[in-house]
Structures are given as C-alpha cells and as structure tokens.
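First to last, the sequence lines map onto chains A and B.
Quick note on this note's numbering: the first sequence kicks off at 82 and runs consecutively.
Quick note on this note's numbering: the second sequence kicks off at 4 and runs consecutively.
Even glycine gets a Cβ: it sits at the ideal position worked out from N, Cα and C.
Everything numeric in this text was worked out from a predicted model, so none of it was measured.
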Amino acid sequence: MDRRSAALGRGLLYLLPLGFLGVFFFYPLLAVVVQSFAPGGRLDLAPIANLWREPYFGRALWFTTWQATLSTAVTLALGMPAAFVFARYRFRGKTVLRALTTIPFVLPAMVVAAAFTALLGSRGWLNSLLMDWFDMARAPVRLQQTIWLVLLAHAFYNTTVVVRIVGGFWSNLDTRLSEAARVLGGNRARVFFEITLPLLLPAVAAAGLLIFLFCFTSFGVILILGGPRFATLEVEIYRQAVALFRLPEASAIALAQIVLTFVVMAIYTRAQARASLPLNLRPAAATEIPPTTPAHKVFVGLTVAGLLLFLVSPLVALALRSLAEGDDALRYFRELFVNRTNSLFYVPPGLAIRNSVFFALITTVLALAIGTLTAALMARARTLGTVLLEPLVLLPLGTSAVTLGFGYLLTMGQPPLNLRASAVLVPIAHTLVAFPFVVRTLLPVMRGINPDWREAAAVLGASPWTAWREVDLPIVGRALLVAALFAFTTSMGEFGATLLIARPEFPTMPLVIYRLLGQPGALNYGQAMAMSTLLMLVCAVAFVLIERFRVGQVGEF
Amino acid sequence: MKRKRLLFLLVAAAVAATLAACTPVPVASPTPPVAGTGEPATSPAEPTGVRGARTVTIMTHDSFSVSEDVVAQFQAQCGCTVQFLKSGDTGLALNKAILSKSNPLADVFFGVDNTFLSRGLAGDIFEAYASPALAQMPAELKLDPGNRLLPVDFGYVTINYDKAYFAENDVPLPSTLRDLADPAYESLLVVENPATSSPGLSFLLATIATFGEAGEYTYLDFWRDLRKNDVLVTDGWEDAYYGQFSGGSGEGDRPMAVSYATSPAAEVFFADPQPAESPTANLLLPGGSFKQIEFVGILKGAREPELARQWVDFMLGETFQEDIPLQMWIYPALPGADLPEVFTKHAQVPTDAVAMTPDQIEAGRENWIQTWTDAVLR
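Put into structure tokens, the structure is as follows:
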C-alpha cells in the first residue's frame, strides 16, 4: 500500500470517532448554544458575561472544584494499595473480590444512599451497635448531609477505577526493574517512589482524571447524600434549566463546565506526555506471585479486609435490606413478579434484566469499536489529528446531561436523525459516556508498548495487522477487557440517562428501581431493594464472565 | 487493508445490532401476569392496539401510571394505539414540550400542575379544547378559562407523622404550624427543597399563603425559626420519605415529613399483610396543606388532533377517573367518581388546603425560592 493511500486510510479512520462525536455531541450542543445565545438570530452573550456576577456561580465553581479534587485524592489513596494487591498477588477469591469492587459503579445514587442509610444512618447498623454498647439515647455518628458522606460515596463509586486502570497497568509492569533496584540496595519505599510510581504515572493520571471528571459533574450523590446545602455546577445547571427554565443561564454554566474540562485535559495531556515512555510491558501472569512471607500475607489480608469493609459491606447491607422480616424472607423478590395495581408500566424483572443486559452489550460493542480505534490512532505519533482528538474525546464526560438532552430535542427531530423518542438513543447516549473510558483505559497501555517490537516484527516480514495481533493485542488484551467492563458497567448504571428525551420503550433495571421508589409503602421500598440486589447479582455474574473471557492469548494475563 | 476491513466489520456489526435491537415496540408492552399465579411474563405481549393503526402519543412525567385494561378499553374504542412518552419530572417534561414546540413530540401533554400552569400557558404550546366532559368538573379546578389546560386530578401536600413515635414518647402532636418551631419538636421534621422538589415547593407556598410576606411574622420568620429548630431539608421526596422519615416504610429517624395526604393510605395498600391501621397519619395543621391540581392539554401542531381530543375526553371520563387513585395516589377531579376503600378509610382530606392562583405562583416563585434558600440553606 503506498504512502498516500495509507494516509488517506488513516484520515478516514479518524472520521469514525470524530463523526460519532460530531453527530451525537457537538451538533446537539451547538444547537443548544445557538438557541440559548442567539434565539432570534441575534447574538446575545450577556448571560455568559453576567455569570461572573452571580454569587451562586462562584460558590458552585469553588465547591465543585475542591470537592472533586479532594474526592480524587481520597479515592486514589484508598485505591492504590488495592491496585497493588490485585496486580501483584495471586490469592483465592481474587476474581470475585475484584468483581465485587466494581459493583458500586453501577448503582443508582438513590440506592447507594439507601445502602449508606442502612449502614451509617441514624437507625443504621453502626449507630445501633454503638448505642447498644455505650447505652446512648441518640445516634452518635451523624454523617447525613455532610461533605464526609459525599467524599465517602465518591470513593465508594470510583475506587474500582483505580483498581482496574492502575492495577491493570501495574500487573503488566516488568517486576525485574524494581527487583534490580532492591538488589542494588534501595529500600521498599524508595523503590516505590523512585521506580514504580514514575512508571505507573500514566495510569495513575488516567484514573485520576476520570475520577476527577466524574466527581466534577457529580449530580445524584451531591443532591441525595450531600443535601441542598452543597451545589455543584451540574446541580446549578439543573436548577436553572428545569426549576427556573432559564436556558441561557443553564447553557452558560454548561459551557463554563466544558471549558474547565478542557483546562483539566490540557494539564493532563502535558503531564502525560512527559510521563509516558515505552516500557517492556509483560503479561500479568508473569508478574503475579502468591503472598508467601508473613509480611506479604498481612499486607494482602489487611487490604482485602479494608476492601470488604469499605466496598462490600454497603452491598451486603443492601442485599440484607431486600430480605423481608419474618419467615418469608424472599417476599419482596416474589412481589417483583406481581403487578398489584395492574399498571401498564409494570415491568417483570426478567424483562428488565434482559433489556439492561441487552443495552449494555450493544454499548460495549459500540464503545469498544469506536474507543479502540481512537486509542490506537492516538497512541501513534503525535500529529495534528491526535492533538486535536485527545481533549475532544473526554468532553462528553464533562458535559451536563440536561443540556445535551435539550440539544437532542432540538436536533434529532427530522429525518435522517429522527431519533428523539427512539430507543436507539439509549445505547448511543451510553456509548457517549462509555467510550472516553475505553480510550483512557487503553491509551496508557498502548503508549507503553515498545515500538521496537513492532518494528522488529515488521522487519521480520509481518504485516501491520499481524504485528498488531502478535505484539499489541496480547499486551492490550487485559486493558481491552477492563475497557469492555467499564463500557458494560456504564450502561448498566444508566449513566447519562437524563440525556434521553423520553423514557424508552425498553425499561431497564435502574428505571424499575426509580419507579418503585416513587411511591410510599414497605412493598415498594422492599422491591426497590430487591431489584437493586438483582442488579448487583447480574453485574457480578457479568464481571466474572468478562474476567474469565479468553480468546487465544487475550485474557491470558 | 485487513485491519481496516476488520474494523469496518466490527462497526457495521455494531450498527446493525443497534438498529435491529431497536425496532419500535409499542409502549411498555407488558405482559399481564397469569392471573392468580403471579407467574412472570417472559415474552413481550402483543400490543393491545391494532397493528398499523394510528397512534396517539401522550407526553407525561415519570410518575404517570394507568391500568392496562383502561388503556386497552380506549384503544378498542378509538381503534388506535396509545403511546406514552415519560419525559422526566413535571418541570423537565414541560420544558421539553416547550423547547420542541415547533416540532412537537406528542399529541397530548399530561401532568402540568397548578405550580407550572402559568409557564405552560406562557409557552404557548396548548390548543384550546372545550371538552364536553368539562361540564361535570368542579369550577374550582378549572383554572384556565381558555380551556387549554383541563383538570384531571388533584392531591394534597401535607405533613405525615409517625404514629408510633408520638405514642411511645408521649409527645403531644403539634396543633399549629408555629408549634413546629417549638423546642419540643426540635430535629423532628424533614421537608423538601422547593427549588428541586414539587412537594417542597407546595409546602413553601402553603406557608407563604398562611404567614404572608409582610407583617410582624412573615413566612421567612417562620422558616428561620424552623431552621433554628433543626429542620432537615432534602432535595427530593424519595430521600425525605424513605431516607429520613421514621414512619411507615421510612428508614430514618425524623417522625414528621412533608409528603402527600394519601401516603398513609399507600402505607396500608403496599404492605403485606395489610395492617388495619396505617402506621402514619396526616398532621392536618391549619394552613399547612397545599392543593395540587394536574391538567391535560392538546399540543399545538398535534399530528392526531382528533384522537387527542378523544383521549382528553377519555381522561376526564369515569373509567379513567376511577382508575386514578390506586395508580397515582391522588384524587380524581370528577366529583362522583368512586374511591377505593383504602382511600376512604386511611387518607384524611385537609379541609383548609391552600390554593394559590397560578399567576401568583408564577410571579412569586423565583424570588420566593431565592429568599427561602438564603434564609434556610445558606
């Protein structure tokens, strides 16, 4: 294939992710901006200029930034030991434990609030225990509507991002480097800070960036667990757009949010460019050891115990709450199969599970296809195309769902894009949120692959495809699985669901949970907890299946 | 070349799968469980409407519900299919309808309430329709003289209390709104944020109507006193009721919560076995309840205006009206409509519920919410 057609081919490949972003992100966003600032064709940027004079904006901006920074720091601090243990040690129940740590990611905020209430609420386990022991009249631990609960919830949601992205990368790092440093007399801490951490930096930065953006645009957690005293930019957008219906103000805040996402991305890209170097990445199986010495055993044991306490106990509390009191424990699960009021909108649990899994699978395929392509292009030499693509890819994560939803309303009403009330938008909206994850998960690994190997393969006569399959794929395989898992999870958790103009005809599990929590009564609440438990179970099974996935060498890590 | 072909295949497969997956299926298309056995339905049911027939589309909020057989009856009657588009909470759904008015998503919009009525009318999205069924509706529910929005149902926002708490702790029930600021009731009440929650806004409006904006004790004085008495504010009803309220199915430790007057009845209905008495009751304080009225309207530019009119008539008719209580836990607007026993036995109706005119609400809302936020949350 000659040079020019190769360049042309690459240009066409750029078009796919760009086209997807263009049609389903920039075009609707542009429509909202036009509608907001130039409704009658006359440009009026006053709402943007006025934004700086609004006291709530400064307050929300400051709060949004510091809570996201702190949440990211807390999550990284909690996640790093876990990432290390999962990367370096082989122990019983590892796959299941890792699957469990990912479950928080799919739970709707209302359900996480219910789990925390069951554990830490004024009538929760912890307080009941303390009140019992110390004979107190009032609950001593009062976390409701504090920033602590917000931080805790953000860490609860996102620890898995560190475990997956950093842990995945870590397991591919060549241990011989740090072993050599140890032999040369470096102590454990020095080796970690001077050898391992710098090598891990691209993955740590990628995970940190994703967590920061998630917390930056946090909505449900802030509203429900933080309470109305805390308002992020995302909450202010919702308030302006929905409660007050001031579209220009809402769009102005949304644009400010996008600009900030860009700034964060720029800082990240610079740091990343300096940190990333080609490494001799190795299959994970080659770097894994069972914990043998007592010190290793204690460390692994403590980390596992910490994970169980912090991530798994709320899940257990939730599952226990779904059991009815008395001798008929599965009462609420059986009630899920009953349409007590003969409602048209009743959804049998089997159907909800099927719809959720179905959308999640489509999202996974779409996000992997577009995301792998994007990451592969970006991992190659820095050209104008990759420099432009890199910050664009993450923008959907930093964009207000309400605003973009309005954009869909304005743009998807005519053929060929007559999708406003169509279920096709469901996997598309999910993909928009999922594919930045795929890109961020793959990129550190793809950039870490030593290009010498690829060249060696080419010199030995391998076609680019063969070289990719034989060199890249075995190393990228693990990251691909992680990416698939994130895409699946994103969809199961209904991220970006508010994007949708109308509720799809295919009701999913989170939608059933929301519907049940909309009316009072023990059966409704019990069923909501039962459905949440089913959601956790389905996800746990799917995660274990994805982890066990093997095709040729992929997954043999 | 090979790689490109593979990628192309991947993408093509993905797109094909997406399209294949999303062939339109009529609304919710639930299968009725086999009577008596509670067996799950595994395959989606055939739509009750006639395939290929015309479709009337109803845009509504997420809390909307209706019985399967009621919709089936209408579909048989009109020879058409009914499709529902649930579009978020009331405010979000209405904003979406206004934003898409040049190319409407639906024929009918249901769920504008009296707090949003003025915004709906100002948005100029509704077509006037003097339904013959309006004749039977009480005059006090017909808030739009132009008949663009027609009353369908109403309900009351009021304070629920946990019977067990007050009995066990031997605390007398508060008898006026101002009692709530008494130290005896410190940390006992949870309310919703009026900026984000419909019952929250309704309760704020009730206090504004009761205490007024001027005078020696205004609504803001009342709210400042509530704040001193450690009132808890949540952003939504779900968290207030399930997360903070101690009564009934609530998991919290506050024995008073702003909720709906029918919630005690729902506590009975959605319990198994059903108790003889509700664990919660309404605290019907003078001036402490707000009447919410919900309306339906035909959207301008509707593709099926004739079917839309039929649907509106149907909604105002006896069959639909009598279906309302157990589906949405509110009262039918039609005066003679039968109420289920659980309503008549367990839901007390406030006699002095505050009703503000939609114009008053629209004119005051933004400022009230802002001053309230500054007084209670900052």
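Under the three-state reduction of DSSP, P335(B) is assigned to strand. Neighbours of R320(A) across chain B, judged by C-beta separation under 8 Å: A198 and T199. In this structure, A611(A) lies away from L306(A), with their beta-carbon atoms at least 8 Å apart. For the 8 Å CB-CB criterion, N117(B) and Q295(B) form a contact.
Runs of the alpha helix (DSSP H) lying entirely within the segment 495 to 546 of chain A and spanning at least 4 residues, in chain order: 506 to 529 and 532 to 540. In this structure, L108(B) places its C-beta atom within 8 Å of the C-beta atom of A502(A).
Straight-line spacing of the CA atoms in E325(B) and D341(B) works out to 6 Å. Around the Cβ of M493(A), a 10 Å sphere holds 16 or more other Cβ atoms; the residue is buried. Between L126(A) and F138(A) a beta carbon distance of about 15 Å is seen, past the 8 Å cut, so the two are scored as non-contacting.
Sequence-distant partners of D362(B) (beyond 5 residues in either direction) whose C-beta falls short of 7 Å from its own C-beta, in its chain, are S121.
Exclusion of the five residues before and after F624(A) leaves A180, T183 and L566 as the residues of its chain whose Cβ lies within less than 7 Å of its Cβ.
CA-to-CA, the gap between G218(B) and W226(B) works out to about 15 Å.
Residues are counted here when their Cβ sits less than 7 Å from a Cβ of chain A; for the segment 152 to 176 of chain B the count is zero. Neighbours of L314(A) in chain B, taken as residues whose beta carbon is under 8 Å from its own, are absent, since the nearest beta carbon is some 15 Å off. Per DSSP, I246(A) lies in no alpha helix (DSSP H) and is assigned neither H nor E.
For P154(B), the enclosing beta strand (DSSP E) begins and ends at L153 to D165. In the displayed model, G300(B) falls within a strand according to three-state DSSP. For I61(B), the uninterrupted beta strand (DSSP E) segment begins and ends at T58 to T63. Burial check for A88(A): the Cβ neighbour count within 10 Å stays below 16, so the residue is exposed. In this structure, the beta-carbon distance from L592(A) to I434(A) does not fall below 8 Å.
Take R245(A), set aside five residues on each side of it, and the residues of its chain with a beta-carbon closer than 6 Å to its own are V563, in chain order. For the options P109(A), V468(A) and A410(A), the alpha carbon positioned closest to that of R351(A) is the one of V468(A). For K145(B), the nearest beta carbon of chain A is not closer than 8 Å to its own beta carbon.
Assigned with DSSP and collapsed to three states, M459(A) falls in helix. A distance below 8 Å separates the beta carbons of L458(A) and L470(A). F569(A) is outside the set of residues whose beta carbon lies under 8 Å from a beta carbon in chain B. The segment 478 to 494 of chain A makes contact with the segment 333 to 346 of chain A, as at least three CB pairs between them are under 8 Å.
Contact annotation, A287(A) with P517(A): C-beta distance approximately 11 Å; criterion of less than 8 Å not satisfied. In this structure, L151(A) sits away from L201(A), with a CB-CB distance that is not shorter than 8 Å.
Within the DSSP secondary-structure output, E130(B) pairs in a beta bridge with I301(B). Spatial neighbours of S259(A) in its own chain (CB-CB distance under 7 Å, excluding positions within 5 residues in sequence) are listed in chain order as V272, I276 and T277.
Residues of the segment 214 to 233 of chain B with a C-beta less than 7 Å from any C-beta of chain A: none at all.
As for any beta strand (DSSP E) of minimum length 3 sitting wholly inside the segment 226 to 281 of chain B, the runs are 235 to 237 and 259 to 263, ordered along the chain. Counting along the chain, Q148(A) sits inside the alpha helix (DSSP H) bounded by residues P136 to R169. For the pair V243(A) and L336(A), the CB atoms are not nearer than the 8 Å cut-off. Taking the Cβ atoms as the reference, E315(A) lies roughly 11 Å from Q321(A), outside the contact range of under 8 Å.
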